[in-house]
Amino acid sequence: MTTGIKGLQLDRGTQPGPVRSQECPLQNASDELLLARWGQDNDGRAFAVLFERHRLAAYRVAWRLLGNEADALDAVQEGFIKVLTQWHQFRSQSRFKTWLMRVVSRVALDIGRQRQRHQRCQSWSREADVQSSILACTGEQLDGQELRQQMSKALAALPELQRQALVLYVDGGLTYREIADVQGVSLGTVMSRLFHARQKLRMLLAGQVPDP
Amino acid sequence: MNHDPPIRDACRRAWLAAYAEGQLEGTTRAQVEGWLDEHPQLWAEIQEQQALGQTLRQMMDATAPSDPSAATWEALAQRIQAASVPAQHAAAPVPSHCRQRGLVRIAAVTVASALFLGGVVGLQNQLPGPTLDPPQIGQVDPLSAHPAHDDSPSPPLSELTGISCLTLVREVDVLLERVPHMGEGWLPIGRPPLEGPIQWIHQDEIEVISFASHSSGQQNIPCLVYAEGDKPLLWTPVRE
């Protein structure tokens with residue numbers, strides 16, 4: 211079953227809903243062209259292709275930073291709205307994807323901070339608690355759900371900027387250089403953040419990550 | 002730059018990790034390859050970092066969230082599209098040099114108009130000359146223009162040359178909160194209020210490994226690695 215939303219074609223029957231190539235000649239267009247089409251002509255097909263192309267990476271980055279679907283979808287929504295309404299501020303010095311990931315990850319971190327103000331008692335975000343709970347599982351292989359929980363806890367224990375860098379690298383697919391642009395720091399700082407993030411994850415996930 | 006075996010240095014391990022991930026190019030890549038030539042034992046570190054990176058990537062792939070349903074995506078797309086009517090008055094993105102030319106033209110037209118008007122008024126009033134008010138330079142409402150912390154890619158510094166007053170943020174971009182024990186004012190914040198004095202990083206906690214230029218145009222930024230944490234740091238640019 212296919213539904214149309216002002217030029218948007220989403221297929222309910224498959225996962226994720228593709229924009230059918232024969233229906234959308236913009237399928238192979240660059241992100242920058244699609245953004246310009248959207249901004250200048252309010253072209254819903256251009257929006258559909260852009261959204262389809264980047265929604266999953268944006269969602270995964272937001273989910274990693276927030277830990278649940280509802281908040282992650284809020285971050286994706288707000289991030290897309292920001293870039294689509296401020297499309298004229300985009301400059302081709304960086305990729306559209308880098309810009310989108312910067313916005314979505316910032317929104318996600320803001321949502322996370324707001325949530326923390328209201329729920330300051332998130333015990334598992336404290337490193338000591340994380341270590342003790344994860345180390346309790348050391349030596350046994352976790353099933354999928356448990357591993358996901360442990361990974362979420364371990365990521366939550368990282369300093370915010372290390373976590374953002376790692377998530378942008380692994381889930382967002384950005385390069386070190388692009389992460390440096392997103393975070394406004396030098397390449398060396400990104401190297402440092404990712405290195406320390408991996409080392410800390412290795413420590414926190416001891417038993418799941420083999421020692422050297 | 003010290004010449005100790007680099008494996009002992011966290012910063013060089015970070016470089017080796019970046020090399021292992023294939024993320025270095027140009028001079029940084031050549032620098033690491035120089036270390037590897039000089040210290041072949043570092044290949045073990047490269048292999049270790051490769052293995053760690055691969056394992057963590059596999060674990061993160063395995064623990065990625067399940068995708069939202071097609072109906073969820075569809076509803077999200079509808080909400081985004083409904084809320085994202087693009088600003089129709091906005092011009093298409095133009096290269097920075099075009100914007101600079103545009104600014105120069107606007108400035109030239111403004112100056113010419115002022116001179117012309119001044120001349121006309123001066124002729125009409127004879128002496129003492131034009132009585133037009135001076136231009137109100139620098140009186141732009143600092144809370145009404147573009148945010149510096151916006152999410153658009155940063156313009157190069159050269160593009161900002163000649164702009165006398167840069168505004169920071171609009172009131173809608175920040176959250177104003179009264180910070181305890183910080184006087185009577187309200188401070189715009191991007192995160193919860195600070196709980197105490199900022200702890201700056203100490204010199205002995207960092208190692209400067211080289212200097213670089215940032216893509217924003219900043220020069221002589223120290224490429225450094227420091228102990229865990231993200232304490233702020235001040236530095237003096239290197240004079241060449």
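Chains A and B are the protein sequences, given in the same order. Quick note on numbering: the first sequence equals residues 211 to 422 in the numbering used here. Quick note on numbering: the second sequence equals residues 2 to 241 in the numbering used here. Heads up, the beta-carbon is just placed ideally off N, CA and C, and yes, glycines get one too.
Neighbour-count burial assignment, residue i, 16 or more Cβ in a 10 Å radius
i, result
"S362/A", "buried"
"H192/A", "The structure shown does not extend to residue 192/A, since chain A is modelled only from 211 through 422, so no value can be given for it."
"E242/B", "In this structure chain B extends from 2 to 241, so residue 242/B is not present and cannot be described."
"C12/B", "buried"
"H406/A", "buried"
"E34/B", "exposed"
"W44/B", "exposed"
"S302/A", "exposed"
"Q355/A", "exposed"
"G289/A", "buried"
"Q220/B", "exposed"
"A83/B", "exposed"
"Q137/B", "Below a pLDDT of 50, predicted positions are generally treated as unreliable, and Q137/B, at 37, falls in that range; the measurement from the model is reported next regardless. Classification for Q137/B: exposed."
"R14/B", "buried"
"A366/A", "buried"
"R323/A", "exposed"
Distance, residue j Cα to residue i Cα
i, j, result
"A364/A", "L414/A", "6 Å"
"T385/A", "E22/B", "10 Å"
"V286/A", "P369/A", "22 Å"
"F464/A", "V377/A", "Absent from the structure is residue 464/A, since the part of chain A shown begins at 211 and ends at 422."
"W1/B", "D62/B", "Outside the displayed span of chain B (2 to 241) sits residue 1/B, for which this structure offers no information."
"L25/B", "R403/A", "15 Å"
"P41/B", "Y379/A", "28 Å"
"E46/B", "I202/B", "28 Å"
"G382/A", "R265/A", "11 Å"
"E254/A", "N278/A", "Note on residue identity: the sequence assigns Gly, not Glu, to residue 254/A. So the alpha carbons of these two residues sit roughly 29 Å apart."
"A338/A", "S304/A", "Residue placement at A338/A is flagged as unreliable, the pLDDT there being 46, under the threshold of 50; a coordinate-derived value is accordingly withheld."
"V314/A", "A416/A", "31 Å"
"Q326/A", "A268/A", "22 Å"
"W309/A", "S70/B", "26 Å"
"L272/A", "Y20/B", "The displayed chain sequence assigns Ala, not Leu, to residue 272/A. Roughly 27 Å between the two C-alpha positions."
"G54/B", "R408/A", "7 Å"
"R316/A", "A52/B", "30 Å"
"Q360/A", "W36/B", "37 Å"
"L236/A", "A246/A", "12 Å"
"V373/A", "A390/A", "Note that residue 373/A is Arg in the sequence shown, not Val. C-alpha separation (whole angstroms): 14 Å."
"A31/B", "Q50/B", "18 Å"
"T73/B", "L371/A", "30 Å"
"Q59/B", "S85/B", "36 Å"
"A280/A", "Q79/B", "16 Å"
"A274/A", "L243/A", "Checking the sequence, you will find Arg at residue 274/A rather than Ala. Rounded to whole angstroms, R274/A to L243/A spans 29 Å at the Cα level."
"G27/B", "A375/A", "22 Å"
"R263/A", "Q296/A", "19 Å"
Where the alpha helix (DSSP H) containing residue i begins and where it ends
i, result
"T385/A", "Neither: T385/A is in no alpha helix (DSSP H) and is coded neither H nor E."
"Q55/B", "L43 to A63"
"S304/A", "Segment: none, S304/A is in no alpha helix (DSSP H) and carries neither H nor E."
"I291/A", "E279 to T295"
"Q360/A", "G354 to A367"
"H264/A", "G254 to L276"
"E75/B", "A71 to A84"
"G27/B", "G27 to E39"
"E242/A", "D241 to D251"
"S402/A", "L397 to L414"
"W16/B", "A11 to A21"
Proximity to residue i [Cα-Cα], best of the options
i, options, result
"V259/A", "R274/A, A318/A, N238/A and T308/A", "N238/A"
"M311/A", "K292/A, Q324/A, R325/A and G254/A", "K292/A"
"E75/B", "W309/A, F300/A, F257/A and A246/A", "F257/A"
"L294/A", "F261/A, A390/A, L371/A and R325/A", "F261/A"
"Q48/B", "S85/B, A18/B, T73/B and T29/B", "A18/B"
"I321/A", "Q359/A, R358/A and L276/A", "L276/A"
"L357/A", "E388/A, L411/A and L245/A", "L411/A"
"D241/A", "I389/A, R270/A, A280/A and F300/A", "F300/A"
"T29/B", "G394/A, Q393/A and R387/A", "R387/A"
"R270/A", "G394/A, V392/A, Q393/A and A318/A", "A318/A"
Residue i Cβ short of 7 Å to the ligand MG heavy atom set
i, result
"Q359/A", "By its list of ligands, the structure shown contains no ligand whatsoever, and the ligand MG lies outside what it can speak to."
| Is it a yes or a no for the segment 242–253 of chain A touching the segment 59–72 of chain B, going by three-plus beta-carbon pairs under 8 Å? | Contact fails: fewer than three Cβ-Cβ distances are below 8 Å.
| Cβ contact (3+ pairs, closer than 8 Å) linking the segment 390–402 of chain A and the segment 267–285 of chain A | Taking 8 Å as the limit for Cβ pairs, the verdict is that the segment 267–285 of chain A does not touch the segment 390–402 of chain A.
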